[in-house]
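Chemist: Structure incoming, see below.
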Amino acid sequence: MEKLKICIVGFGWFGKMHYSVYKDMKNVEVIGVCDTNENSFSSKQKSLQDEFHKDVSQDKDSLSGNIKIYTDVEKMLKELKPDLLDIVVPEDVHIDVALKGIEYGCDLIIEKPMTVNYKDAQKIEMEANKKGVHVYVGQVLRFDDRYRALEEMLQNTTKDEIRHITMERNFQSKSHLVYGRVHPAYSCLAHDIDLTLWLSKNKVKSVSAFANSFLNRTYPDNIVAVLELENGSLATLQNSWHIAQKCPYGFEFSSKIITNKDVFVIKNEPVIHNWSNDTVDYPELFFWPKINGKVKGALKNELEHYVQCALEKIESPILPLSEVVEIIKVANAIEDSINKKEKIIL
Ligand SMILES: NC(=O)c1ccc[n+]([C@@H]2O[C@H](COP(=O)([O-])OP(=O)(O)OC[C@H]3O[C@@H](n4cnc5c(N)ncnc54)[C@H](O)[C@@H]3O)[C@@H](O)[C@H]2O)c1
């Protein structure tokens with residue numbers, strides 16, 4: 049079987065999760081891993097995410113096989129010449145590492161959000177096209193069976209016309225320390241912008257967004273964005289970083305689609321409850337659950353799909369790059385609308 053040679057850059061909380069998925073894939077060989085922080089390679093390294101990602105079993109074992117370890121991405125690319133560079137560094141570093149990967153002729157997987165401004169997203173698209181490499185972005189909800197089923201129902205079964213979309217996504221304030229390190233229009237709302245564009249098969253005409261901050265950090269911790277879509281329907285996207293710590297999974301979301309005929313609702317409510325005398329637990333079953341020692345769920349679906357696309361040297365039919373650039377364009381408009389306190393016409 050042909051194997052795709054992969055290097056991972058960024059071996060923090062989510063880079064380790066990617067590695068756990070690749071470890072079980074027969075058509076992948078992880079040949080190198082790079083992180084600027086050498087402590088990331090220690091199995092004893094603690095991460096802030098451990099405190100708010102509940103019930104997530106992580107592979108903190110040392111890297112197995114002949115994987116080479118680096119602290120400099122360019123050195124890794126020069127020495128190992130991977131087919132694909134998987135970018136799992138903090139959001140605002142995606143741009144620099146992506147351009148390096150393109151320079152060395154690699155296909156890329158970039159974790160979401162692709163970038164933290166529209167100009168950088170366009171730059172990556174332009175440079176990738178020039179060099180003839182493919183860029184795949186980790187908008188994981190496109191690979192979540194709940195949303196895949198809903199998209200199919202909307203497109204093929206009911207042929208409904210969407211009238212209104214409501215997307216809610218809330219986290220504990222502790223997680224703002226990590227994912228509030230960039231504007232949540234990108235780190236959080238990128239999911240809901242993607243769902244809105246994908247499910248409605250529409251473009252955004254205008255954005256009016258509002259935000260405030262109770263945590264007094266650089267970026268806001270409450271956001272509401274109202275999007276006018278080209279077909280005349282409306283979408284409201286809401287995001288707060290103030291939910292209580294005992295919330296199942298440590299975060300919550302819901303999506304409601306109102307059409308001319310139907311209403312569709314997806315909520316991440318617990319499927320399995322585990323009550324004991326001291327604790328209540330709700331194992332997460334959709335994103336990256338570990339079942340029989342292997343990572344399953346949306347992340348696995350996503351990475352398997354992108355690996356297959358890279359082996360076939362094709363763009364992803366599930367998420368073409370131009371659609372990701374559109375997500376970042378809308379996120380940028382949300383940030384602008386908040387900062388300028390005005391409606392942004394796209
Ligand atoms: N799809 C999802 O739902 C989802 C979930 C979690 C994280 N993410 C995304 O994954 C990415 C990583 O998130 P995380 O939670 O692992 O963050 P993290 O802070 O735990 O890990 C990032 C790692 O990158 C390393 N790093 C920073 N700059 C580097 C550089 N120039 N070269 C090499 N290494 C570098 C850091 O030392 C750190 O170990 C982010 O873009 C995040 O938004 C996506």
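Taking this note's numbering, the leading residue of the sequence shown gets 49, the next gets one more, and so forth. Glycine residues also receive a C-beta, built at the ideal position from the N, C-alpha and C atoms.
1. With a CB to CB cut of under 8 Å and the five nearest residues on each side skipped, what residues in its chain are close to Ile366?
2. One question on the structure: do Ala257 and Ile386 come within less than 7 Å of each other, judged by their Cβ atoms?
3. Is the closest heavy atom of ligand 1 to the C-beta of Lys338 under 6 Å?
4. Under the three-state reduction of DSSP, which class applies to Ala292: helix, strand or coil?
5. With H, G and I counted as helix, E and B as strand and the rest as coil, what does DSSP make of Asn340?
6. Assign Ile339 to one of two classes, buried (16 or more other C-beta atoms within 10 Å of its C-beta) or exposed (fewer than that).
7. Cβ atoms of Ser324 and Ile314: under 7 Å apart, would you say?
8. Closer than 8 Å is the cut-off here; do at least three beta carbon pairs connect the region 191-206 with the region 262-282?
9. Is the beta carbon of Ser90 within less than 6 Å of some heavy atom of ligand 1?
10. Taking contact to mean 3 or more Cβ pairs, one atom from each stretch, closer than 8 Å, check whether the region 165-176 and the region 286-294 are in contact.
11. By a C-beta neighbour count over all protein chains shown, 10 Å radius and 16 as the cutoff for buried, is Ala346 buried or exposed?
12. Examine the Cβ distances between the region 116-136 and the region 61-79 and report whether three or more of them are shorter than 8 Å.
13. Just to confirm my understanding: we take Ile79, look at its own chain, exclude 5 residues before and 5 after, and list those with CB closer than 8 Å. What are they?
14. Enumerate, from N- to C-terminal direction, the unbroken alpha helix (DSSP H) stretches of 4 or more residues contained entirely within the region 134-220.
15. Could you check the C-alpha separation between Ile396 and Asp326 for me, to the nearest Å?
16. So is Ile382 buried or exposed if we call it buried at 16+ other beta carbons inside 10 Å?
17. So what does Cys55 bridge to, in DSSP terms?
18. Is it right to say Ile393 is buried, meaning 16 or more other beta carbons lie within 10 angstroms of its own, or is it exposed?
19. Quick check: is any heavy atom of ligand 1 less than 6 Å from the C-beta of Asp83?
20. Check whether the Cβ of Glu199 lies closer than 6 Å to any heavy atom of ligand 1, and answer yes or no.
Modeler: So, to answer that:
1. Around Ile366: Arg190, Phe191 and His353.
2. Contact check for Ala257 against Ile386 passes: the beta carbons are separated by less than 7 Å.
3. For ligand 1, not one heavy atom lies less than 6 Å from the Cβ of Lys338.
4. Correct three-state label for Ala292: coil.
5. Three-state DSSP puts Asn340 in coil, outside helix and strand.
6. Residue environment for Ile339: exposed (fewer than 16 other C-beta atoms within 10 angstroms of its C-beta).
7. Contact: no.
8. Judged by Cβ distances under 8 Å, the region 191-206 makes no contact with the region 262-282, as fewer than three pairs qualify.
9. For ligand 1, not one heavy atom lies less than 6 Å from the Cβ of Ser90.
10. Too few Cβ pairs lie closer than 8 Å, so no.
11. Under this definition Ala346 is a buried residue.
12. With a cut-off of 8 Å, the region 61-79 and the region 116-136 count as touching, because enough Cβ pairs lie within range.
13. Contacts found: Lys53, Ile54, Cys55, Asn114, Ile115, Lys116, Leu128 and Pro130.
14. Listed in chain order, the complete alpha helix (DSSP H) runs (minimum 4 residues) inside the region 134-220 are 142-151, 166-179 and 193-200.
15. Since the first residue shown for the chain is 49 and the last is 394, residue 396 is missing from the structure and cannot be characterised.
16. The residue in question, Ile382, is buried, as its Cβ has 16 or more Cβ neighbours within 10 Å.
17. DSSP, once it has assigned bridges, lists Gly80 and Leu133 as partnering Cys55.
18. Of the other Cβ atoms in all chains shown, fewer than 16 fall within 10 Å of the Cβ of Ile393; this residue is therefore exposed.
19. When distances are taken from the beta-carbon of Asp83 to the heavy atoms of ligand 1, the shortest one is below 6 Å.
20. Relative to ligand 1, Glu199 has its C-beta separated by 6 Å or more from all heavy atoms.
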